[in-house]
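Trainee: Mind the numbering: the sequence shown is residues 171 to 501 in my numbering, read in order. For each residue, glycine too, the CB sits at the ideal point set by N, CA and C. This structure is in structure tokens; I'll ask about it shortly.
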Amino acid sequence: MDIAYIPSPSRGVLYLGPIPLRAYAFCIILGVVVAVWLGSKRWVARGGGKHTVGDIAVWAVPFGLVGGRLYHVITDHQLYFGEGKNPWNAFKIWEGGLGIWGAIAFGAVGAWIGARRRGVPLPAYADAIAPGIALAQALGRWGNWFNQELYGRETTLPWGLEIDKTLPNGEVVTGIYHPTFLYESLWCVGVAALVIWADRRFTLGHGRAFALYVAAYTVGRFWVEWLRIDEAHTFLGLRLNDWVAIAVFLAAVAYFVIVGKKRPGREDPASIDPTATGPSDTAGTADSAKDSSKDSSGRSPAASRPSDKKVDAEPAESIAESADKDAKNLT
Numbered sequence: 171m172d173i174a175y176i177p178s179p180s181r182g183v184l185y186l187g188p189i190p191l192r193a194y195a196f197c198i199i200l201g202v203v204v205a206v207w208l209g210s211k212r213w214v215a216r217g218g219g220k221h222t223v224g225d226i227a228v229w230a231v232p233f234g235l236v237g238g239r240l241y242h243v244i245t246d247h248q249l250y251f252g253e254g255k256n257p258w259n260a261f262k263i264w265e266g267g268l269g270i271w272g273a274i275a276f277g278a279v280g281a282w283i284g285a286r287r288r289g290v291p292l293p294a295y296a297d298a299i300a301p302g303i304a305l306a307q308a309l310g311r312w313g314n315w316f317n318q319e320l321y322g323r324e325t326t327l328p329w330g331l332e333i334d335k336t337l338p339n340g341e342v343v344t345g346i347y348h349p350t351f352l353y354e355s356l357w358c359v360g361v362a363a364l365v366i367w368a369d370r371r372f373t374l375g376h377g378r379a380f381a382l383y384v385a386a387y388t389v390g391r392f393w394v395e396w397l398r399i400d401e402a403h404t405f406l407g408l409r410l411n412d413w414v415a416i417a418v419f420l421a422a423v424a425y426f427v428i429v430g431k432k433r434p435g436r437e438d439p440a441s442i443d444p445t446a447t448g449p450s451d452t453a454g455t456a457d458s459a460k461d462s463s464k465d466s467s468g469r470s471p472a473a474s475r476p477s478d479k480k481v482d483a484e485p486a487e488s489i490a491e492s493a494d495k496d497a498k499n500l501t
């Protein structure tokens with residue numbers, strides 16, 4: 171009896187004339203758009219400018235793509251270098267192969283550069299963008315589905331993934347496997363929801379929302395990596411990415427706890443984005459309103475002139491005195 175399964179796309183590229191439209195690249199671009207959109211909404215809600223996240227992303231995204239590719243090529247160098255291999259394939263990013271660890275590390279460097287140029291504290295920016303990054307990963311994993319890659323062990327589960335492809339060495343792979351791309355995609359959606367909820371519930375700041383995202387993601391990545399069967403380096407029975415996930419998890423938890431004790435709460439909205447303007451910069455607007463109500467001596471215009479009540483009282487007193495004199499004259 172045939173079992174139910176998730177079919178794989180017959181191809182991952184469409185051609186618009188001579189121009190190839192690759193699903194893998196489209197998934198990455200869509201993820202970046204969602205991350206910037208959600209990050210901008212969260213940044214504005216914190217008191218920042220609406221263009222700040224996009225301006226910093228101009229630095230973070232290219233750095234992240236380069237870092238992700240470098241991590242993949244370095245850790246899977248056997249795929250590109252050696253006898254019978256073509257080193258130029260290392261530049262074919264559209265065929266898949268982005269390491270999230272390298273993408274986050276290099277992306278953070280790019281974000282740091284962009285944040286310094288805008289005068290924005292990087293931890294505050296990271297908190298705002300964290301759930302958006304998780305959603306970008308969720309969307310990006312569907313590129314692996316189009317490329318029929320990074321699947322898990324064989325399975326008879328009804329949500330198993332059908333694989334039918336030919337490897338570069340000519341080997342044909344067919345069967346039903348764990349859809350690890352789907353597992354990780356759903357996990358990332360859950361991580362984004364967790365970060366948004368925790369950020370609202372506990373008022374996370376100073377990079378703690380980002381640390382929570384990192385810690386939560388690594389937990390899911392650990393068990394998803396355990397299911398995968400693609401070629402990978404192993405140490406002491408664990409894949410390289412599992413060891414990286416453990417190390418990053420411990421670092422993220424340590425940061426969350428230490429910073430939570432030293433700097434609880436969230437940054438002052440007026441201090442996170444000095445270039446913010448418009449309705450979103452409520453603190454700056456309020457301060458401006460207060461400042462505009464004061465003269466050069468620091469006093470408000472109303473305080474520097476006689477009150478209306480006093481001005482009106484003087485004629486009233488003069489009228490009363492005249493009335494008394496008239497009354498005396500009559501008597």
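Have a look at A294 and W213 and give me their C-alpha separation to the nearest angstrom.
Mentor: Within the sequence shown, the letter at position 124 stands for residue 294. Within the sequence shown, the letter at position 43 stands for residue 213. Approximately 9 Å, taken between the alpha carbons.
Trainee: Applying the criterion that 16 or more other CB atoms from any shown protein chain within 10 Å of the CB defines a buried residue, is S463 buried or exposed?
Mentor: Reading the sequence shown from its first residue, position 293 is the one you call residue 463. Residue placement at S463 is flagged as unreliable, the pLDDT there being 43, under the threshold of 50; a coordinate-derived value is accordingly withheld.
Trainee: Just to confirm, are L320 and R398 a CB contact at a threshold of 8 Å?
Mentor: Within the sequence shown, the letter at position 150 stands for residue 320. Within the sequence shown, the letter at position 228 stands for residue 398. Closer than 8 Å, so yes.
Trainee: Which stretch, first to last residue, makes up the alpha helix (DSSP H) that contains R391?
Mentor: One-based indexing of the sequence shown puts residue 391 at position 221. R378 to L397 is the span of the alpha helix (DSSP H), which, as asked, contains R391.
Trainee: Got a sec? Which residues, its chain only, sit under 7 Å from S466 by beta carbon, not counting five neighbours each side?
Mentor: The residue you call residue 466 lines up with position 296 of the sequence shown. With a pLDDT of 41 at S466, under the threshold of 50, the modelled position of that residue is not reliable, and no figure is offered here.
Trainee: Answer with buried or exposed for G187, where buried requires no fewer than 16 other C-beta atoms within 10 angstroms of its C-beta.
Mentor: Residue numbering aside, residue 187 sits at position 17 when the sequence shown is read from its first letter. Exposed, because fewer than 16 other Cβ atoms sit within 10 Å of the Cβ of G187.
Trainee: Express the C-alpha separation of A363 and S178 in angstroms, rounding to a whole number.
Mentor: As a working note, residue 178 is residue 8 in the sequence shown. As a working note, residue 363 is residue 193 in the sequence shown. Going by the C-alpha atoms only, they are around 28 Å apart.
Trainee: Please indicate yes or no: does the CB of L397 lie closer than 7 Å to some heavy atom of the ligand PLP?
Mentor: No copy of the ligand PLP occurs in the structure displayed, which carries no ligand at all.
Trainee: Rounded to whole angstroms, what is the Cα-Cα separation between F426 and H376?
Mentor: Taking the first residue of the sequence shown as position 1, residue 426 is located at position 256. Taking the first residue of the sequence shown as position 1, residue 376 is located at position 206. Taking the straight line joining both Cα atoms gives about 9 Å.
Trainee: Any idea if D412 is buried or exposed, counting beta-carbon neighbours within 10 angstroms, 16 or more meaning buried?
Mentor: Translated into positions along the sequence shown, residue 412 becomes position 242. Looking at its Cβ environment, which holds 16 or more other Cβ atoms inside 10 Å, D412 is buried.
Trainee: By Cβ distance below 7 Å, which residues in the same chain neighbour L184 in space, the five residues on each side in sequence not counted?
Mentor: Within the sequence shown, residue 184 is the residue found at index 14, counting from 1. The residues are L191.
Trainee: Is A304 near V365, with beta carbons less than 8 Å apart?
Mentor: Here the question's residue 304 lines up with position 134 in the sequence shown. Here the question's residue 365 lines up with position 195 in the sequence shown. A contact, by the Cβ cut-off of 8 Å.
Trainee: Over the uninterrupted alpha helix (DSSP H) stretch that includes G430, give me the two end residues.
Mentor: Working through the sequence shown from its first residue, we reach residue 430 at position 260. Element bounds for G430: L410 to K432.
Trainee: State the Cα-Cα distance for the pair Y175 and L408, rounded to the nearest angstrom.
Mentor: As a working mapping, residue 175 is identified with position 5 in the sequence shown. As a working mapping, residue 408 is identified with position 238 in the sequence shown. Those two C-alpha atoms are separated by around 29 Å.
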